[in-house]
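Going by our numbering, the first residue of the sequence shown is number 596, and it counts up by one from there.
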Amino acid sequence: MSKNKKISVVIIEDDKAFSYFLKVSLAHDDRMEVVGIFPSAEDGEIGLDKLRPDVLLVDLALPGISGIELILKVRERLKNTRILVVTALKDTNAAFIAFKAGADGYLVKGDDNERIADYVVDLHNGGAPMSSGIARATVLEFQRRRISQTNELTITELAVLVGLSEGHTYKEIAVSRGISWHTVNAHVKNIYDKLHATCRHEAIANASEAGIIKVAK
Numbered sequence: 596m597s598k599n600k601k602i603s604v605v606i607i608e609d610d611k612a613f614s615y616f617l618k619v620s621l622a623h624d625d626r627m628e629v630v631g632i633f634p635s636a637e638d639g640e641i642g643l644d645k646l647r648p649d650v651l652l653v654d655l656a657l658p659g660i661s662g663i664e665l666i667l668k669v670r671e672r673l674k675n676t677r678i679l680v681v682t683a684l685k686d687t688n689a690a691f692i693a694f695k696a697g698a699d700g701y702l703v704k705g706d707d708n709e710r711i712a713d714y715v716v717d718l719h720n721g722g723a724p725m726s727s728g729i730a731r732a733t734v735l736e737f738q739r740r741r742i743s744q745t746n747e748l749t750i751t752e753l754a755v756l757v758g759l760s761e762g763h764t765y766k767e768i769a770v771s772r773g774i775s776w777h778t779v780n781a782h783v784k785n786i787y788d789k790l791h792a793t794c795r796h797e798a799i800a801n802a803s804e805a806g807i808i809k810v811a812k
């Protein structure tokens, strides 16, 4: 980062009080500027395409499109935008899926949030800030993966798999991804092949066992 160029930041957070806290915390730091604040993934998606920020702060539990789905879309469209999840979700399942989707850091609300500006700078400089309780468990989850590199799912296949694990229909997944039903069907076939599965439930179970996604029991 040059001395004169500030880090541009977009915040996507539906909690007005916490969104204001983030805005004020970052506005007081001359290393960065908040260029956009949005209450939902739908609004944020439109703004992100125009603003193309250096850093995105995003909650996972958003109304409408989830934070995970937004992360997948941002990672496809904005390769250089660094993504920091700031959420109330403390479980490693959420963190694991967020990192798999393309997040670069994961902070739990209430965990040292007064240092949020420092975390943004660290993220922008290539770091991966994480709440201490999440970091160790997340690393262990990644180490447990047993799927070979040749069978690695693409980002789109992962998005489809997440949709399947959340109980969505092919049509719903197609609409959320902006693709046709036939394309979703093709992705599902590829997912089945890579995960050695013959049905949705088997694919989800195999993906969970391989550490690709985490499924609530």
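Ideal Cβ placement from N, Cα and C applies to all residues, glycine included.
Owing to the predicted nature of the structure, the values given are computational and were not obtained by experimental measurement.
Identify, in the order they occur along the chain, each residue of the same chain with its Cβ nearer than 7 Å to the Cβ of I790, setting aside the five sequence neighbours on each side.
-> Reading off the sequence, residue 790 comes out as Leu, not Ile. Hits under 7 Å: A798, N801, A802.
With T682 as the anchor, note down where its beta strand (DSSP E) starts and where it stops.
-> Unbroken beta strand (DSSP E) run through T682: 677 to 682.
Does the distance from the C-beta atom of A683 to that of K704 stay below 8 Å?
-> Taking 8 Å as the Cβ cut-off, A683 and K704 qualify as a contacting pair.
Out of curiosity, what's the CA-to-CA distance linking A769 and K695?
-> Cα to Cα, A769 sits roughly 20 Å from K695.
Using the DSSP secondary-structure output, state which residues sit across from Y701 in a beta bridge.
-> DSSP output for Y701 lists V680, M725 as bridge partner(s).
For the segment 625 to 669, which segments carrying the alpha helix (DSSP H) assignment without a break, of at least 4 residues, lie completely within its bounds, in sequence order?
-> Inside the segment 625 to 669, DSSP marks whole alpha helix (DSSP H) runs of 4 or more residues at positions 636 to 646, from first to last along the chain.
Alpha carbon to alpha carbon, what distance is there between I807 and G749?
-> Looking at the sequence provided, one finds Thr at residue 749 rather than Gly. Using only the alpha carbons, I get a separation of about 11 Å.
Backbone CA spacing between I711 and H777 [nearest angstrom] = Looking at the two C-alpha atoms, the distance is approximately 43 Å.
Just checking my contact of I679 with P724 at CB under 8 Å: how many whole Å lie between their CB atoms?
-> Per the sequence presented here, residue 679 reads as Leu, with Ile not at that position. At roughly 7 Å, the Cβ-Cβ gap stays under 8 Å, so L679 and P724 are in contact.
What are the boundary residues of the alpha helix (DSSP H) that includes S614?
-> For S614, the enclosing alpha helix (DSSP H) covers residues 611 to 622.
For R731 and C794, the rounded distance between their alpha carbons | Spanning the two alpha carbons is a distance of roughly 33 Å.
Secondary structure at I607, three-state DSSP: helix, strand or coil?
-> I607 falls in the strand class under three-state DSSP.
Cβ shell of Y787 (< 7 Å), same chain only, five flanking positions each side left out = So the list reads T793, A798, once near-sequence residues are dropped.
Reference A693, options S775, L643, L665, V630, closest by Cα = Nearest option by C-alpha distance: L665.
Taking C-beta to C-beta, are V604 and V630 nearer than 8 Å?
-> Yes; because the gap between Cβ atoms is below 8 Å, this pair is in contact.
In the DSSP assignment, find the unbroken alpha helix (DSSP H) run with L718 in it and report its ends.
-> Note, L718: alpha helix (DSSP H), 711 to 719.
Could you tell me how far apart the beta carbons of L655 and V669 are, in whole angstroms, since I believe they sit closer than 8 Å?
-> With a Cβ gap of about 13 Å, L655 and V669 do not count as contacting.
Which word fits Y701, buried or exposed, when buried means at least 16 other C-beta atoms lie within 10 angstroms of its C-beta?
-> It is buried - the Cβ of Y701 has at least 16 other Cβ atoms within 10 Å.
With respect to the alpha helix (DSSP H) encompassing H777, which residues constitute its N-terminal and C-terminal limits?
-> For H777, the enclosing alpha helix (DSSP H) covers residues 776 to 790.
Roughly how many angstroms lie between the CA atoms of S726 and T764, to the nearest whole one?
-> For S726 and T764, the distance between alpha carbons rounds to 34 Å.
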